[in-house]
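A.B. asks: Read top to bottom, the protein sequences are chains A and B. Each residue of the first sequence is one higher than the one before, starting from 3 at the first, in the working numbering. Each residue of the second sequence is one higher than the one before, starting from 970 at the first, in the working numbering.
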Amino acid sequence: GINAEYGARVQSTHTSTMKSPSTPSAPNPLVNYYLAAFNLLSGVGWMVVLYLLISHYVNGGNYSTAYENVGGVLFVVQSIALMEVVHSLVGIVKTPVMTVLMQVYSRLLCACVVTYRIPEAQQSFAFTTMAGLWAVSEIRYFYYAANLLGLSPYILLWLRYSLFLVCYPLGAGSEWLVMFTSLPYISRTNLLSVDLPNSYNFAFSFYYFIISQLFVWPFGLYIVYTHMLRQRARNLSSPEKEKAN
Amino acid sequence: VSTQSTGVAFYPFVRMVKVVSKRSNRELGEIDLKTATTVNELKKQWQSKSKLAVARHRFEYNGVVLEDGKSLADYNIKDGDSLLFRDLGPQVGWTTVYVVEYAGPLILYALLSLRPSFIYNSSDVSKHPLGYVQLISLACWSFHFIKRILETLFVHKFSKGTMPLSFLFRNSAYYWSMGVLVGYFHNHPLYTPPNNVIQLYLGLALFLLSEVGNFVCHLILSNLRPAGTRVRGIPRGFLFEYCSCPNYFLEVTAWLSFSLMTSSLPGLIFAAIGGMTMFNWAVVRHVKYIKEFDGKEGREKYPRRKIFVPFLL
């Protein structure tokens, strides 16, 4: 009996509960409406991205030209997600800042840095799968918006906690490939890199930085995926099902 | 028969207490107290029974954590009562952690100043031996961490004896990687010193002033607490009159001055990360002070002070 206690650990103050970004911290109705509008706008934005992506192919387009149709809107819509960091900093949303930063970081890196600057990345097939899977998983915005407006349709709950099962691994894989495809260009052009000597005595190699991220990505996926699995078990358990039905 | 701190004239003898897991609510065992009357003696009994080191024990009774140095009577524990227990996991002493985490940057920076050929280009190294500013940087960096180690061994009075073992690796990873970050660039053959002496000597002067001031703060804090106790008092004098944690503030100014002196972005990064962490600590400490010294029941009232930056923040 005593041996079972060996497994117990001190609760770290860094354990994030990773509440959904829509969990408001104050019951101020104006803030709620703002957040609901924000989430709705983001959700609609991602639907537009998905629409542009699909229509590109429906009109006979090739994956190497998909970016021309989708890239601009993708950049804008993804940049809006930066506001989630502000919401957390200001405190109208309960999610800790570090958590939001990590969530937003991978998107910003892939969408606003890598794909934005690098032709090889834009023309890759992985770009299409990446953008498409992102758009599908952003159904979560509609789930948040509904919650903020007091609605909780079971279908949105189910989608929010089930789509990730497929979207996260395929999405992370696409992000990895997009980064991998970008390496030759970065190496050729020394993109976003700084060399010594300079008066700040600092050097940065974006090339090696991206390589380091290629190693980090599988661990990031593992962490996020297992977290979502736990959330799924918690949210889609039977009592909830009966309540929602 | 004696008057205990609870004011009760007679305290019934406690022969046995039950130990219940806080996590699972299962009974883990019983402690046969024999002649034990203090928390320390209780923990020693549990250590021999459970084979868990005393430092890992966390006992709770009626929502209050049992503190070392107190007696069972202080908590009104009666014979046969249950105590909630949690295993805090492998622990390591604060002194050990501090010495290990500070030794890293000290040694790593010094090693980098030797310019090993597997890190730096040897032909560059031979063309650019360590310059004047680089030597000053080496001296200041080493001075800072030697000072920290000496303070850990001779000045600081820690309120808790141990922390979880994982913290040793987490903290060391931070300090050692900062040591490599700053050390790599400051010892680099292509290092560029600041282009004017004012920047150099102003930075150096501010650095030294900050180090001395930080040391004075540590002395004041240390003198607040008699050796071997965990007493907390209101720090007074010097910059403590103007903010709760001038020691953290002076640490940040030391590193900002160091970055100015060496014209260094890595130094600034180190200052920024450390500064943000210390700011968080300062807020927590400030809140603790205000809560503890609320002016009621004969306690002092904590004076109005800023948190981190004198006069400002």
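Built from N, CA and C at the ideal position, the CB exists for glycine as well.
1) Under 8 Å, do F1239/B and V1151/B count as touching if we go by C-beta distance?
2) Classify P1074/B as helix, strand or coil using the three-state DSSP reduction.
3) For the alpha helix (DSSP H) that L91/A lies in, which residues bound it at each end?
4) If contacts are defined as beta-carbon pairs under 8 Å, then F127/A and Y53/A qualify, I think. What distance do you get, rounded to the angstrom?
5) Does any residue of chain B have a CB that is nearer than 8 Å to the CB of S248/A?
6) Is it the case that the Cβ atoms of N237/A and Y163/A are separated by a distance below 8 Å?
7) What in chain B is Cβ-close to Y202/A, meaning under 8 Å?
8) Enumerate, from N- to C-terminal direction, the unbroken beta strand (DSSP E) stretches of 3 or more residues contained entirely within the stretch 972-1029 of chain B.
9) Around the Cβ of R1117/B, are there at least 16 other Cβ atoms within 10 angstroms (buried) or fewer (exposed)?
10) Does the Cβ of D1245/B have 16 or more other Cβ atoms within 10 Å, making it buried, or fewer, making it exposed?
11) Helix or strand or just coil, what does DSSP make of S1040/B?
12) Excluding the 5 residues preceding and the 5 following R234/A in the sequence, name in chain order all residues of the same chain whose CB lies nearer than 6 Å to its CB.
13) Checking 8 Å against the spacing of the C-beta atoms, do V75/A and V50/A come in under that value?
14) Can you tell me the Cα-Cα spacing of L1282/B and F1209/B, whole angstroms?
15) So, under 8 Å CB-CB, V116/A and V180/A are touching, yes? Tell me the CB distance rounded to an integer number of Å.
16) Kindly say whether A10/A, judged by its beta-carbon, lies nearer than 8 Å to any beta-carbon of chain B.
17) Rounded to the nearest angstrom, how far is the Cβ of N200/A from that of T1231/B, given a contact under 8 Å?
18) What residues from the stretch 1149-1161 of chain B come within 8 Å of chain A, judged by C-beta to C-beta, listed N to C?
19) Output needed for V1185/B: all residues of its chain with C-beta closer than 7 Å, excluding positions within five of it in sequence on either side, in chain order.
20) How many angstroms separate the CA atom of L231/A from the CA atom of G222/A?
21) In chain order, what residues of the same chain have a beta carbon less than 8 Å from the beta carbon of H1187/B, not counting five sequence neighbours either side?
22) What residues in the stretch 88-105 of chain A bring their beta carbon closer than 9 Å to a beta carbon of chain B?
23) Cα separation between Y1078/B and E1266/B?
24) Mapping the DSSP letters down to three states, classify K96/A as helix, strand or coil.
25) Is the CB of S207/A under 8 Å away from at least one CB in chain B?
26) Find the nearest neighbour of Y107/A within the set F206/A, S81/A, S139/A, V196/A, judged by alpha-carbon distance.
27) Could you tell me whether the Cβ of Q1103/B comes closer than 8 Å to any Cβ of chain A?
28) To the nearest angstrom, how far is the alpha carbon of E151/A from that of N30/A?
29) With 16 as the cutoff for other CB atoms within 10 Å, does N149/A come out buried or exposed?
C.D. replies: Well, looking at it:
1) Within the second sequence, numbered from 1, the residue matching residue 1239/B stands at position 270. Within the second sequence, numbered from 1, the residue matching residue 1151/B stands at position 182. Yes. Within cutoff.
2) Within the second sequence, numbered from 1, the residue matching residue 1074/B stands at position 105. The answer is helix: DSSP assigns P1074/B an H, G or I state.
3) Position 89 of the first sequence, counted from the start, is the residue given in the question as residue 91/A. Here the alpha helix (DSSP H) through L91/A covers 85-92.
4) For this step, residue 127/A is matched to residue 125 along the first sequence. For this step, residue 53/A is matched to residue 51 along the first sequence. The Cβ separation is near 20 Å, so there is no contact.
5) Here chain A comprises residues numbered 3 to 247, so residue 248/A is not present and cannot be evaluated.
6) As a first step, residue 237/A must be located in the first sequence, where it is residue number 235. As a first step, residue 163/A must be located in the first sequence, where it is residue number 161. A contact, by the Cβ cut-off of 8 Å.
7) In the first sequence, residue 202/A corresponds to position 200, counting from 1. Near Y202/A (Cβ distances below 8 Å), the residues of chain B are S1232, S1233, L1234.
8) 985-990, 996-1001
9) By 1-based counting over the second sequence, the position of residue 1117/B is 148. By the neighbour-count rule (16 or more Cβ atoms within 10 Å), R1117/B is buried.
10) Numbered from its first residue, the second sequence carries residue 1245/B at position 276. What sits at residue 1245/B in the sequence shown is Met, not Asp. Looking at its Cβ environment, which holds fewer than 16 other Cβ atoms inside 10 Å, M1245/B is exposed.
11) In the second sequence, the residue the question calls residue 1040/B occupies position 71. Residue state, collapsed to three classes: strand.
12) By 1-based counting over the first sequence, the position of residue 234/A is 232. Cβ neighbours of R234/A beyond the five flanking positions: Y163.
13) By one-based count along the first sequence, residue 75/A stands at place 73. By one-based count along the first sequence, residue 50/A stands at place 48. In this structure, V50/A lies closer than 8 Å to V75/A by Cβ.
14) Taking the first residue of the second sequence as 1, we reach residue 1282/B at position 313. Taking the first residue of the second sequence as 1, we reach residue 1209/B at position 240. Taking the straight line from one Cα to the other gives about 13 Å.
15) Within the first sequence, residue 116/A is the residue found at index 114, counting from 1. Within the first sequence, residue 180/A is the residue found at index 178, counting from 1. Right, the Cβ-Cβ distance comes to about 6 Å (below 8 Å), so this counts as a contact.
16) As a first step, residue 10/A must be located in the first sequence, where it is residue number 8. Legend: pLDDT at A10/A = 31, less than 50; position of this residue unreliable, no value from coordinates given.
17) Taking the first sequence and counting its residues from 1, one reaches residue 200/A at position 198. Taking the second sequence and counting its residues from 1, one reaches residue 1231/B at position 262. Not quite, the Cβ-Cβ distance comes to about 13 Å (not below 8 Å), so this is no contact.
18) F1154, H1155, H1157, L1159, Y1160, T1161
19) For the purposes of this step, residue 1185/B is taken as residue 216 along the second sequence, with counting starting at 1. Closer than 7 Å at Cβ, skipping near neighbours: F1207.
20) Mapped onto the first sequence, residue 231/A falls at position 229. Mapped onto the first sequence, residue 222/A falls at position 220. Their Cα atoms are separated by approximately 14 Å.
21) To locate residue 1187/B, count along the second sequence from 1; it is residue 218. Contacts found: E1120, V1124, H1125, N1216.
22) none
23) Here residue 1078/B refers to the residue found at position 109 when the second sequence is read from its first residue. Here residue 1266/B refers to the residue found at position 297 when the second sequence is read from its first residue. Distance between the alpha carbons of Y1078/B and E1266/B is about 52 Å.
24) Walking along the first sequence from the start, residue 96/A turns up at place 94. In this structure, K96/A counts as coil in the three-state DSSP scheme.
25) For this step, residue 207/A is matched to residue 205 along the first sequence. So no, S207/A is outside the interface.
26) Your numbering for residue 107/A matches position 105 in the first sequence. Taking only the C-alpha atoms, the option nearest Y107/A is S81/A.
27) Here residue 1103/B refers to the residue found at position 134 when the second sequence is read from its first residue. No, Q1103/B lies away from the interface with chain A (no Cβ there is under 8 Å from its Cβ).
28) For the purposes of this step, residue 151/A is taken as the residue at position 149 of the first sequence. For the purposes of this step, residue 30/A is taken as the residue at position 28 of the first sequence. Looking at the sequence itself, residue 151/A is Leu, so the reference to Glu does not match. Going from the Cα of L151/A to the Cα of N30/A covers about 12 Å.
29) One-based indexing of the first sequence puts residue 149/A at position 147. N149/A is buried by the Cβ-count criterion.
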